[in-house]
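Q: Below is one structure. I have some questions about it.
In this note's numbering, the protein residues as written are 4 to 184.
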């Protein structure tokens, strides 16, 4: 049940690198948590436990923030990939996918009075799309949803005005999908 952690790392690294260039504001906590997560998935050190705790803390302070929840879901999916026991692999991956589903639902039903930043929306969708596309479709059946999210990102009216690094990452994921079905 090994999915392409390296590809996930590259996608999230590109999103993270692009984020400060196009975000209206980024909290220090998000930047730190994202860097910890990216170091883990790119095998540059750090701990998945530390990344997960960081995103849990952020989500605890702002439970209505779908971006935090999406990264927390990606952490859980990676925990599933790293688990040894098959039932733990399933449990962690399913928990991660459920968190991603909840983050996506938050995009459609934002908390009253909380404006939804378009760039956070795009990054949330990219984290979910990349994770869904990289999980084994024969088990979790998420590839179609990941492809749909990717299409939504590419079809958004504001997509052309996003950071070129972000667009390049989206187009790279799109090419990967086309090559691998």
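Every residue gets a Cβ at the ideal spot worked out from N, C-alpha and C, and that includes glycine.
1) Ignore the nearest five residues each way along the sequence and tell me which others in residue 42's own chain have a CB closer than 7 angstroms to its CB.
2) Roughly how many angstroms lie between the CA atoms of residue 56 and residue 62, to the nearest whole one?
3) Is it true that the CB of residue 82 sits closer than 8 angstroms to the CB of residue 124?
4) Could you give the DSSP three-state label for residue 26: helix, strand or coil?
5) Buried or exposed for residue 151, going by 16 or more other Cβ atoms inside 10 Å?
6) Within 10 Å of its beta-carbon, does residue 181 have 16 or more other beta-carbons around it, so buried, or fewer, so exposed?
7) Would you decide whether residue 156 is buried or exposed? Buried here means 16 or more other CB atoms lie within 10 Å of its CB.
8) Do residue 143 and residue 176 have their C-beta atoms closer together than 8 angstroms?
9) Kindly indicate which three-state DSSP category residue 55 falls into: helix, strand or coil?
10) Given a cut-off of 8 angstroms on the beta-carbon distance, is the pair residue 72 and residue 119 in contact?
11) Applying the 10 Å Cβ sphere with the 16-neighbour rule, what's the burial state of residue 126?
12) Could you compute how far the alpha carbon of residue 184 sits from the alpha carbon of residue 129?
13) Around the Cβ of residue 88, are there at least 16 other Cβ atoms within 10 angstroms (buried) or fewer (exposed)?
14) Out of 68, 138 and 154, which has the shortest C-alpha to C-alpha gap to residue 95?
15) Note down the Cα distance separating residue 148 from residue 133, rounded to an integer number of angstroms.
16) How is residue 166 classed by DSSP in three states: helix, strand or coil?
17) Beta-carbon within less than 6 angstroms of residue 161's beta-carbon, same chain only, minus the 5 sequence neighbours each way: which residues are those?
18) Just the Cα atoms here: how many angstroms apart are residue 109 and residue 145?
A: Straight from the coordinates:
1) 48 and 49
2) 10 angstroms
3) no
4) Residue placement at residue 26 is flagged as unreliable, the pLDDT there being 39, under the threshold of 50; the coordinate-derived value follows with that caveat. Three-state DSSP puts residue 26 in coil, outside helix and strand.
5) exposed
6) exposed
7) buried
8) no
9) helix
10) no
11) buried
12) 18 angstroms
13) exposed
14) 138
15) 10 angstroms
16) coil
17) 121
18) 18 angstroms
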